[in-house]
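As structure tokens, the structure follows; a few thoughts come after it.
Numbering (the numbering used here), first residue to last: 67 to 299.
As structure tokens, then:
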């Protein structure tokens with residue numbers, strides 16, 4: 067799945083909207099849009115609507131949308147008149163129709179926040195080169211969402227202090243593919259790779275922990291080599 071970020075910044079009566087999309091093959095699309103608006107909630111909603119227009123234009127489905135406004139998320143779901151006077155009332159429904167889940171994220175982790183506040187050009191990859199089938203050649207490759215609290219655990223346990231949300235999500239999906247399934251009960255699965263355990267509830271990664279590790283062989287190295295070969299073909 068792709069991971070998208072949206073945000074806005076208000077400066078002297080002008081709104082700077084931004085969205086960032088990171089695709090499976092790690093190609094990135096960045097957009098920054100300027101409009102006359104002073105209400106931050108409306109500007110946040112407009113940024114989401116601009117992203118939705120882009121997704122519909124290129125028929126990009128199956129993804130996760132991250133933004134940092136709890137108020138906007140509630141208003142989108144409840145179809146609040148103030149917001150929907152400026153954007154279509156069915157925005158949330160259209161996102162779900164594209165199989166795009168919405169999720170709140172801390173502003174410090176929102177890549178779109180950096181885009182809407184910067185004054186320099188940040189390039190995007192050509193849309194024609196985006197490979198949405200990057201992992202489809204890999205049998206049983208997971209496509210799991212990530213609970214926001216897990217990012218902090220990932221940074222600490224894997225010593226990746228500057229890892230972004232989408233980086234952690236992509237890396238953990240790969241580790242789950244390489245790992246052994248050690249528990250499976252009532253919709254909760256636990257995978258182990260070396261001394262790390264990754265807990266999955268339904269379609270979402272919810273916990274990472276460390277355990278005492280006893281070497282059991284080198285099968286993971288074989289799987290990792292196989293994964294690299296599959297992705298390079």
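From the three backbone atoms N, C-alpha and C, an ideal C-beta is built for every residue, glycine too.
Local conformation of residue i per DSSP, three classes
i	result
residue 8	In the structure displayed, the chain extends from 67 to 299; residue 8 sits before or after that span and is not available.
residue 239	helix
residue 215	helix
residue 220	helix
residue 75	strand
residue 193	helix
residue 226	coil
residue 174	helix
CA nearest to the CA of residue i, picked from the options
i	options	result
residue 304	256, 261, 72	The structure shown has nothing for residue 304, since the chain only spans 67 to 299.
residue 89	103, 108, 128, 100	128
residue 122	221, 223, 225, 165	165
residue 113	126, 70, 144	70
residue 140	169, 163, 124	169
residue 78	104, 200, 219	104
residue 132	204, 246, 110	110
residue 220	237, 207, 208, 209	237
residue 126	95, 102, 142, 106	95
residue 93	189, 202, 231, 207	189
residue 161	259, 260, 115	115
residue 178	86, 68, 167	86
residue 172	277, 135, 75, 260	135
residue 231	223, 222, 225, 218	218
residue 107	261, 74, 200	74
residue 192	91, 76, 207	91
Range of the contiguous alpha helix (DSSP H) that encloses residue i
i	result
residue 183	177-183
residue 157	157-163
Cβ of residue i within 8 Å of any chain B Cβ
i	result
residue 108	The structure shown contains no chain B; it is built from a single protein chain.
Bounding residues of the beta strand (DSSP E) (the contiguous stretch that carries residue i)
i	result
residue 81	80-88
residue 250	246-251
residue 255	254-259
> Should the stretch 198-216 be regarded as contacting the stretch 264-274, the criterion being three or more beta carbon pairs within less than 8 Å?
Replying inline: yes
>> Pairs of beta-carbons, one from the stretch 181-201 and one from the stretch 148-163, closer than 8 Å: are there three or more?
In response: no
>> Tell me whether the stretch 238-251 and the stretch 183-190 touch, counting them as touching only if at least three CB pairs, one residue from each stretch, are closer than 8 Å.
In response: no
>> Runs of 4 residues minimum, wholly inside the stretch 91-172: which ones carry the alpha helix (DSSP H) assignment?
In response: 106-124, 136-144, 147-150, 157-163
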